[in-house]
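Peer 1:
2 protein chains.
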Amino acid sequence: MQTYVYFFGGGKADGKGDMKDTLGGKGAGLAEMTNAGLPVPPGFTISTEVCRIFYENNGRLGEDIQRQIDEALARLEGLTEQKLGSTDRPLLVSVRSGAKFSMPGMMDTILNLGLNDITVKALATRTGNDRFAWDSYRRFIQMYGNVVLQINKRDFDEIFDHIKQKANAKLDTEIPVAALQEIVLAYKALVKEKTKADFPNDPRQQLQGAINAVFGSWNNPRAIHYRRMNKISESLGTAVNVQTMVFGNMGNTSGTGVGFTRNPSTGEKEFYGEFLINAQGEDVVAGIRTPTPIRELERVMPECYRQLREITDRLERHYRDMQDFEFTIQEGRLYMLQTRNGKRTGKAAVKIAAEMVREGLITPEDAVMRVEPSQLDQLLHPILDPKAKVKELTQGLPASPGAVSGRIVFSADDAVEMAPKGRVVLVRKETVPDDIHGMEVAVGILTSRGGMTSHAAVVARGMGKCCVVGAESITVDERNKVLTAGGKQLHEGDWITLEGSTGKVFEGEVPTIDPDPASGDFAEFMAIADKIRRLGIRANADVPRDAEVARKFGAEGIGLCRTEHMFFAEDRLPHVQKMILSNTEPERREELAKLLPFQRADFEGLFRAMDGLPVTIRLLDPPLHEFLPKREELMVEVATLRAKNGPAKEIEEKEKLLQRVEALHEFNPMLGHRGCRLGITYPEISEMQCRAIFQAACTVRKAGKTVKPEIMIPLVGLPKEFQEQKAIVDRVAQEVFKATGVKVEYMTGTMIELPRAVIVADQIAETAEFFSFGTNDLTQTAFGFSRDDSGKIIGDYMAKGILTSDPFQELDREGVGALMKMGVERGRATRHNLKIGICGEHGGDPSSVEFCDQVGLDYVSCSPYRVPIARLAAAQAVVSRKSPGEGGRTV
Amino acid sequence: MQTYVYFFGGGKADGKGDMKDTLGGKGAGLAEMTNAGLPVPPGFTISTEVCRIFYENNGRLGEDIQRQIDEALARLEGLTEQKLGSTDRPLLVSVRSGAKFSMPGMMDTILNLGLNDITVKALATRTGNDRFAWDSYRRFIQMYGNVVLQINKRDFDEIFDHIKQKANAKLDTEIPVAALQEIVLAYKALVKEKTKADFPNDPRQQLQGAINAVFGSWNNPRAIHYRRMNKISESLGTAVNVQTMVFGNMGNTSGTGVGFTRNPSTGEKEFYGEFLINAQGEDVVAGIRTPTPIRELERVMPECYRQLREITDRLERHYRDMQDFEFTIQEGRLYMLQTRNGKRTGKAAVKIAAEMVREGLITPEDAVMRVEPSQLDQLLHPILDPKAKVKELTQGLPASPGAVSGRIVFSADDAVEMAPKGRVVLVRKETVPDDIHGMEVAVGILTSRGGMTSHAAVVARGMGKCCVVGAESITVDERNKVLTAGGKQLHEGDWITLEGSTGKVFEGEVPTIDPDPASGDFAEFMAIADKIRRLGIRANADVPRDAEVARKFGAEGIGLCRTEHMFFAEDRLPHVQKMILSNTEPERREELAKLLPFQRADFEGLFRAMDGLPVTIRLLDPPLHEFLPKREELMVEVATLRAKNGPAKEIEEKEKLLQRVEALHEFNPMLGHRGCRLGITYPEISEMQCRAIFQAACTVRKAGKTVKPEIMIPLVGLPKEFQEQKAIVDRVAQEVFKATGVKVEYMTGTMIELPRAVIVADQIAETAEFFSFGTNDLTQTAFGFSRDDSGKIIGDYMAKGILTSDPFQELDREGVGALMKMGVERGRATRHNLKIGICGEHGGDPSSVEFCDQVGLDYVSCSPYRVPIARLAAAQAVVSRKSPGEGGRTV
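Same order as they appear, the protein sequences are chains A and B. Those letters in the first sequence? Residues 0 to 890, by numbering that gives the first Met the number 0. Those letters in the second sequence? Residues 0 to 890, by numbering that gives the first Met the number 0.
Here's what the structure looks like:
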């Protein structure tokens with residue numbers, strides 16, 4: 000017959016530590032500790048399978064399971080020589096949920112189950128402590144009433160506070176026994192009133208109720224929400240752990256505590272934790288008494304301390320990971336209540352992983368799986384001082400990590416004006432390319448609109464600048480320079496603080512801490528990851544400064560240099576605008592000639608910074624009207640001038656400009672005149688850019704550096720588009736080589752960012768020497784989602800479970816990923832060694848990096864500050880691929 | 000050794016009629032006629048293969064080919080008992096190009112080759128006609144000088160006119176011999192001046208020059224342009240035909256003429272053509288003398304006429320098609336110079352095809368290949384009276400066929416106001432959904448922007464209304480109500496005429512002719528096509544009136560009813576706007592309840608009109624802001640009001656509206672909050688629409704009609720999107736069935752219009768009961784082309800040869816088509832009998848219909864007026880599929 004209930008106790012358990020699927024995390028830990036001979040209060044675990052049956056049978060367990068529970072209970076009673084409901088030696092138990100993954104939102108714990116009006120007296124007698132017994136009883140009714148009977152906690156609190164006041168007690172511990180008894184009576188009356196039934200006196204009925212409540216809590220809305228957010232399968236189910244109570248509050252030889260085998264904050268190898276003498280776990284949590292550092296235990300109960308050290312050392316070696324444990328000492332005897340791999344900060348995770356490899360405790364492969372890639376962020380950016388007091392105003396999307404304080408400005412121009420006087424934070428409804436100069440001088444950016452791939456987010460990440468976007472609850476009045484957030488009005492010059500890693504926004508100036516990314520542990524850990532990974536890691540960088548940062552963070556090349564970002568600089572934009580507004584090719588060429596030296600200088604800087612490494616340069620991509628004043632703003636200006644009878648000449652000029660802007664206006668610019676379409680309509684633009692690239696390359700080559708330019712044609716959908724642009728690249732290259740007398744090796748490739756490009760990838764690969772997946776655009780076109788507009792829709796879809804993640808953040812493997820796979824296969828069918836990378840925002844997302852490894856890409860490229868994350872994710876991908884059972888992520 | 004030169008003459012030819020690839024069309028015809036024993040002047044054809052060699056060898060032919068030419072020439076001289084350059088019996092030849100497909104732009108003809116100062120005298124002697132000989136000579140120099148030596152024709156004309164004037168001749172035929180000789184001398188001097196060389200006297204050299212000129216003309220810019228536009232392969236090459244001259248101008252027993260075996264204009268079975276006594280072909284073309292109807296020939300040369308009738312009857316039977324022939328009678332002897340399948344009007348094509356089937360001359364399969372689907376348009380719409388004098392103003396894109404005249408209006412409101420007083424043509428920069436009421440009352444629509452699938456084009460086609468879009472050379476000043484076109488300014492109320500089938504725009508009112516689509520020939524021909532086709536044909540129709548038209552044209556159901564078009568009607572839009580501006584679900588439901596009766600009534604009308612046939616209804620698709628005032632217009636209004644210190648209350652109201660419109664604003668609405676995303680965010684909209692559909696269905700069913708609703712969910716990319724919407728459909732259906740006590744069969748399916756939907760088509764097909772390809776959106780997303788913005792880009796791409804056709808007009812088989820194929824395969828892998836159709840604009844494009852047939856779609860759906868075209872195209876697809884050698888199109 001199938002086993003549904005697993006007993007543990009007396010040095011032996013039915014289950015094992017690797018049975019997390021069946022026993023849940025907690026149950027597996029208890030079984031493992033029991034088997035290891037550790038002092039664990041005995042009990043039994045009802046398996047997750049029973050949870051599934053519970054839901055299939057509409058809340059009934061069936062005879063087989065009930066019999067197994069009864070048998071386990073009898074065994075427990077035998078072992079402990081106690082009996083549920085006994086008037087002499089009553090067995091008291093705790094009932095806890097325990098799924099495979101720890102899950103807030105599910106029922107946590109019911110303690111002291113088994114107490115009733117009769118057993119409470121037996122408990123008092125056995126412990127010689129009336130107060131303890133009645134306090135345990137009233138706690139039990141309260142917990143059970145709230146968790147199982149679903150009575151509002153506030154109702155209990157009201158009764159409690161009323162009687163406590165009446166008894167003139169300041170602390171809970173001062174409430175006299177009589178008052179506790181009065182509370183019990185009043186609680187029971189409350190239960191009767193709310194449930195129309197007596198509080199269950201029968202401990203078996205209590206147990207039944209508690210078990211059902213645990214199973215029922217699996218499907219409460221908070222739990223469902225949590226699972227959805229964390230991608231935990233609905234079908235896993237939870238186990239129920241029924242365990243003999245031990246009491247840390249039975250006098251001064253009792254106590255309870257929690258601890259870690261290493262410091263979870265710093266990673267230092269030190270015994271770390273705290274305890275309370277004569278207390279139950281609840282008291283530690285409630286914060287009524289201040290716990291004592293765990294080393295004190297050595298002084299007050301040296302034997303227990305020694306035993307605890309020995310046990311937890313063993314546990315760490317056994318689990319080969321830092322342990323987070325709970326223990327209780329009952330009258331001088333140590334019991335282990337729980338052990339699990341401890342949560343830790345990024346800093347600690349890195350240190351512990353690196354040290355454990357050095358200690359020989361774990362393999363390098365284990366080590367890379369011990370750090371969540373996103374945790375590395377903490378080591379790369381300033382963080383808020385955890386000790387600082389903060390006033391949160393709102394929370395937006397965590398667009399770009401870091402923590403900064405600055406004075407509020409509402410326009411890019413104001414930012415430029417005020418920045419020399421001190422740090423400024425640029426606050427906008429949304430940002431546009433026009434705002435670049437303001438973004439550059441600001442220490443942080445806050446917007447009320449836009450998603451994780453909005454302009455503000457993408458540019459800020461590229462700059463490694465703290466950024467919070469889409470804070471929809473705030474109102475930004477740019478005209479009147481007022482920010483309304485959290486019910487407050489903030490004005491220009493007021494201080495504000497952004498936490499980019501959480502998306503939180505705080506009032507005033509909050510102190511921050513600069514971390515040290517060049518620390519020994521970090522470098523050591525990254526070296527471990529680098530040895531394992533197969534994927535190359537490059538960075539998206541447009542200017543030499545970013546390239547240097549990227550290289551410092553370990554980038555092995557530049558995977559995407561967006562040349563248009565060079566066009567937005569203040570000294571260049573006028574030429575760009577003039578060029579766009581030109582009506583003839585000669586006029587355009589004249590302005591392009593003025594832009595050439597700027598571009599060349601930028602490329603020289605990039606090539607110098609990346610000496611010896613490849614630099615992928617994408618030709619101009621965005622629609623030209625991005626460089627011009629906004630159409631609707633011009634319309635308003637003209638209308639206002641007209642209404643006010645403004646100067647005729649000014650009106651005429653504005654109208655002329657408006658006309659040209661109108662002519663360039665597009666309904667869907669994302670699908671409009673951009674990418675290689677620009678270079679085909681205006682070959683002179685591609686020509687100028689190529690000339691700047693090759694002149695720069697030759698100059699830097701002459702200076703003795705190694706230059707590896709890779710020229711990338713964007714938005715190709717037709718093989719001929721690529722051929723036409725490549726012809727320009729090759730022609731200009733030859734011209735420059737001839738003129739300078741220097742030759743450099745170069746490659747010409749294309750972005751694969753349109754579904755049609757995927758379909759004809761075999762044809763494109765006939766002339767293209769490399770592919771780089773532009774997964775931002777590929778996601779846009781595959782889904783038909785504009786990344787600028789889809790934030791709300793995607794949010795709605797995630798809330799409704801239609802999407803499990805934002806496809807602009809985490810690569811949609813099923814759809815976009817399938818297209819990528821097709822592109823890789825078709826491209827390599829033509830050119831078997833075709834170099835293929837990715838340069839969309841996904842290049843820095845761990846799950847996406849894993850997928851890129853799986854489908855055989857050669858490299859990923861991401862923003863400089865995400866390079867270490869990508870390096871780690873790439874290593875994890877290899878480990879996951881080699882032992883797929885482990886799953887891609889640490890939990 | 001390979002044959003490069005094919006002789007014909009003496010009743011036998013080396014080549015055959017089916018060797019068009021090698022001999023070109025003309026050469027194959029000459030060979031076929033010769034083999035059939037018809038009187039063809041002998042000659043030889045230099046094959047198209049030589050053209051390829053000519054280009055590979057930089058204009059040289061090589062020894063083998065030269066020898067074959069010499070041999071053929073010797074054989075020709077033997078057969079005709081004449082000799083090139085002979086002073087006694089000089090051989091004169093014509094040299095003509097002749098590719099597989101007739102191609103304007105290539106060199107046409109050089110006549111009288113072989114003449115020089117000596118042979119001209121021999122010709123004079125032999126013909127006893129000095130004038131004839133010298134006139135032939137001067138014509139030859141002129142033709143050769145122009146075509147081979149590339150001297151401007153004007154230079155020859157100046158000389159000719161000067162001497163003609165000097166000789167006091169009014170007609171060319173009045174120029175005396177001496178003057179003709181003077182012209183010859185002056186022509187030669189001109190050649191010497193321009194080419195720095197004497198005019199070639201040696202006939203062999205003349206022949207060599209003419210052959211090279213023919214091959215050279217294959218790659219002149221006009222020829223290249225023509226091939227690109229008509230998708231003729233560059234590698235085909237042209238043949239050269241060298242043929243003995245015969246002369247129709249050797250007196251009154253000579254003559255020349257052209258004719259058709261049936262009337263090419265009406266299709267009537269009558270001998271049709273014209274001839275001239277004592278003339279060369281050139282004279283007919285030049286229009287100097289008025290030709291005589293061919294029946295006159297019976298009177299003047301009865302034997303020749305009898306022979307010609309017999310020969311052309313034979314040719315028609317032989318080629319099993321109406322023939323277009325040329326003949327010359329030299330001194331009472333008939334020669335056939337050319338025969339080919341004759342070009343004809345749509346009306347004639349249909350009549351001839353139907354009659355030839357009846358005559359047993361061709362099979363039904365042949366018949367359907369004899370009519371270009373686009374020709375049917377002529378039979379379905381009014382056409383301009385071909386006899387009318389017109390002044391063309393401009394040419395735009397032929398968005399929707401027909402020919403209409405009307406008075407110009409510049410806004411939808413003006414259209415509504417002026418329409419009761421007479422026909423109006425709506426002239427706009429572009430149209431928006433707001434303009435629908437104006438489009439409905441206008442007889443035609445003209446826009447200066449937008450492509451073949453712009454709003455104006457799509458809506459106009461749907462309405463069967465004449466429309467010209469993207470007339471980029473015109474300027475539309477909507478504010479001042481001025482249309483500037485072709486250098487003229489037209490104002491409101493001025494007459495204008497549109498020709499939708501060509502995109503031409505004319506000044507004033509041009510008379511039109513109403514065709515008769517219900518004629519016997521048309522019906523008979525369509526019945527032939529219907530028997531052959533496999534694809535079902537449905538129509539896109541939104542209102543009962545369109546559905547009735549569609550049914551009349553043979554639609555077998557409605558493939559797409561766009562419910563949003565119902566939302567734009569004047570009595571509904573306010574409710575729609577209120578609904579959109581609502582902040583809460585109850586408010587939205589209130590407005591939706593008001594819309595329900597309207598929708599229900601529309602659906603009732605549709606179901607009644609389509610009794611017994613399926614009606615596919617798509618739930619709301621466009622972004623909601625399409626129903627609201629334009630954002631930028633509101634911004635201008637507010638700014639103007641502010642600048643003028645307008646009433647505070649009005650400003651406040653407008654600003655409030657603007658705020659809501661701002662909130663709905665999207666950067667790329669095509670990729671935004673539309674399609675099923677609306678129904679998921681606002682399930683109450685889908686609910687209302689389903690309720691209206693099922694209530695209407697039940698009402699019409701009760702009235703004894705057969706109702707087959709097919710509910711279609713738009714823009715699905717994720718299987719769960721579809722499931723969620725289908726759940727609403729099913730729930731509402733059951734509710735309505737219960738409430739009305741009536742049940743109707745229905746299906747729920749989805750549009751496949753996103754690349755992601757293609758990828759997961761297998762999953763979608765688990766719940767979707769049918770697919771309909773939305774190839775407009777699929778083309779947009781596969782290419783990353785916004786159809787509203789891409790007109791210019793696509794035009795540029797076609798001019799540059801990057802695209803061979805507009806993918807929004809003709810399905811891009813390689814990219815979008817490959818996605819469709821994938822969607823079909825994956826969908827049917829799950830549900831093997833899945834019903835699949837197409838409802839994009841491509842459903843009415845013949846080439847696209849052919850592809851839909853090939854990939855196994857069940858039906859295509861197109862605008863009502865294209866239904867006959869689709870029916871024919873579907874039949875042609877079957878014939879092409881069964882005999883792929885024939886190619887998909889008649890040429």
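Cβ coordinates follow ideal geometry from the N, Cα and C atoms, glycine included.
What residues from chain A crowd round LYS643(B), counting only those whose CB sits closer than 9 Å?
Peer 2: Along the second sequence, one-based indexing puts residue 643(B) at 644. Chain A residues near LYS643(B): ALA642, LYS643.
Peer 1: Residues of the stretch 745 to 769 of chain B with a CB closer than 7 Å to any CB of chain A: list them in chain order, please.
Peer 2: Answer set for the stretch 745 to 769 of chain B: LEU753, PRO754, ARG755, ILE758, VAL759.
Peer 1: Given 8 Å as the limit, is there contact between the stretch 800 to 815 of chain B and the stretch 729 to 749 of chain B, that is, 3 or more CB pairs closer than that?
Peer 2: The stretch 800 to 815 of chain B, when compared against the stretch 729 to 749 of chain B, does not touch it at the 8 Å Cβ threshold.
Peer 1: Pick out whichever of ILE712(B), GLY716(B), ARG755(B), VAL699(B) has its Cα sitting closest to the Cα of VAL741(B).
Peer 2: If you number the second sequence from 1, residue 741(B) lands on position 742. VAL741(B) has its Cα closest to that of VAL699(B), out of ILE712(B), GLY716(B), ARG755(B), VAL699(B).
Peer 1: Would you say ASP776(B) reaches chain A, if we count a Cβ-Cβ gap shorter than 8 Å as a contact?
Peer 2: Stepping through the second sequence from its first residue, residue 776(B) is reached at position 777. It does: the Cβ of ASP776(B) has a partner Cβ on chain A nearer than 8 Å.
Peer 1: Where do the ends of the beta strand (DSSP E) carrying HIS317(A) lie?
Peer 2: Counting from one through the first sequence, the residue named residue 317(A) turns up at place 318. No beta strand (DSSP E) contains HIS317(A), which is instead part of the alpha helix (DSSP H) from 301 to 318.
Peer 1: Name the chain B residues that come within less than 7 Å of MET635(A), Cβ to Cβ?
Peer 2: Along the first sequence, read from residue 1 onward, the residue named residue 635(A) stands at position 636. The question names Met, but residue 635(A) is Val in the sequence shown. Residues of chain B passing the Cβ test: MET634, VAL635, ALA638.
Peer 1: Using DSSP bridges, identify the partner residues of PHE770(B).
Peer 2: Numbered from 1 along the second sequence, position 771 holds the residue referred to as residue 770(B). Partner(s): THR749(B), ILE835(B).
Peer 1: To which residues of the same chain is LEU871(A) closer than 7 Å at the C-beta, ignoring the five residues directly before and after it?
Peer 2: On the first sequence, residue 871(A) is found 872 positions in, with the first residue counted as 1. Same-chain partners within the cutoff: VAL367, VAL370, PRO372, LEU375, ALA528.
Peer 1: Pick from ALA470(B), ALA522(B), PRO613(B), MET821(B): whose alpha carbon is nearest that of GLU391(B)?
Peer 2: To locate residue 391(B), count along the second sequence from 1; it is residue 392. Selected option, being the one with the closest Cα: ALA470(B).
Peer 1: Considering Cα atoms alone, identify which of GLU508(B), PHE693(B), SER685(B), ALA554(B) is closest to ALA600(B).
Peer 2: Residue numbering aside, residue 600(B) sits at position 601 when the second sequence is read from its first letter. Selected option, being the one with the closest Cα: PHE693(B).
Peer 1: DSSP state of LYS11(A), grouped into three classes?
Peer 2: Taking the first sequence and counting its residues from 1, the one referred to as residue 11(A) is at position 12. The answer is strand: DSSP assigns LYS11(A) an E or B state.
Peer 1: Output yes if chain A places a C-beta closer than 8 Å to the C-beta of ALA726(B); else output no.
Peer 2: As a first step, residue 726(B) must be located in the second sequence, where it is residue number 727. By this cut-off, ALA726(B) is not an interface position.
Peer 1: Kindly indicate which three-state DSSP category SER96(B) falls into: helix, strand or coil?
Peer 2: For this step, residue 96(B) is matched to residue 97 along the second sequence. If DSSP states are grouped into helix, strand and coil, SER96(B) belongs with the strands.
Peer 1: Using a C-beta cutoff of 8 Å, does GLY773(B) count as contacting chain A?
Peer 2: Residue 773(B) sits at position 774 when you count from the first residue of the second sequence. Not closer than 8 Å to any Cβ of chain A, the Cβ of GLY773(B) fails to qualify, so no.
Peer 1: Indicate whether at least one CB of chain B lies closer than 8 Å to the CB of SER785(A).
Peer 2: Against the first sequence, residue 785(A) aligns to sequence position 786. Yes, its Cβ sits closer than 8 Å to a Cβ of chain B.
Peer 1: Kindly indicate which three-state DSSP category ARG427(A) falls into: helix, strand or coil?
Peer 2: As a first step, residue 427(A) must be located in the first sequence, where it is residue number 428. Note: ARG427(A) maps to strand in three-state DSSP.
Peer 1: Could you check the C-alpha separation between ALA608(A) and THR338(A) for me, to the nearest Å?
Peer 2: Here residue 608(A) refers to the residue found at position 609 when the first sequence is read from its first residue. Here residue 338(A) refers to the residue found at position 339 when the first sequence is read from its first residue. Approximately 49 Å, taken between the alpha carbons.
Peer 1: Does the distance from the C-beta atom of VAL731(B) to that of CYS689(B) stay below 8 Å?
Peer 2: Counting from 1 along the second sequence, the entry for residue 731(B) is found at position 732. Counting from 1 along the second sequence, the entry for residue 689(B) is found at position 690. In contact: VAL731(B) and CYS689(B) (Cβ atoms closer than 8 Å).
Peer 1: On the premise that GLY814(A) lies in contact with ARG673(B), defined as a C-beta separation below 8 Å, what is that separation, rounded to the nearest angstrom?
Peer 2: Sequence index remark: in the second sequence, residue 673(B) carries index 674 (1-based). Sequence index remark: in the first sequence, residue 814(A) carries index 815 (1-based). Actually they are not in contact, since the Cβ atoms of ARG673(B) and GLY814(A) sit about 19 Å apart, beyond 8 Å.
Peer 1: Distance cutoff 8 Å, beta carbons only. Does GLU885(B) sit that close to anything in chain A?
Peer 2: Working through the second sequence from its first residue, we reach residue 885(B) at position 886. Annotation note: pLDDT 45 at GLU885(B) (below 50); position unreliable, coordinate value reported separately. No - not a single Cβ of chain A is within 8 Å of the one on GLU885(B).
Peer 1: For GLU590(A), which of LYS577(A), PRO596(A), PHE602(A), ILE712(A) has the nearest alpha-carbon?
Peer 2: Here residue 590(A) corresponds to residue number 591 of the first sequence, with the count starting at 1. Among LYS577(A), PRO596(A), PHE602(A), ILE712(A), the Cα nearest to that of GLU590(A) is on LYS577(A).
Peer 1: For GLY23(A), is the classification buried or exposed, using 16 other Cβ atoms within 10 angstroms of its Cβ as the cut-off for buried?
Peer 2: For this step, residue 23(A) is matched to residue 24 along the first sequence. It is buried - the Cβ of GLY23(A) has at least 16 other Cβ atoms within 10 Å.
Peer 1: Mind checking whether MET244(A) and VAL423(A) have CB atoms under 8 Å apart?
Peer 2: Here residue 244(A) is taken as the residue at index 245 of the first sequence, counted from 1. Here residue 423(A) is taken as the residue at index 424 of the first sequence, counted from 1. Contact: no.
Peer 1: Can ALA642(B) and THR639(A) be called in contact, C-beta distance under 8 Å?
Peer 2: Working through the second sequence from its first residue, we reach residue 642(B) at position 643. Working through the first sequence from its first residue, we reach residue 639(A) at position 640. Yes, the Cβ-Cβ distance between ALA642(B) and THR639(A) is below 8 Å.
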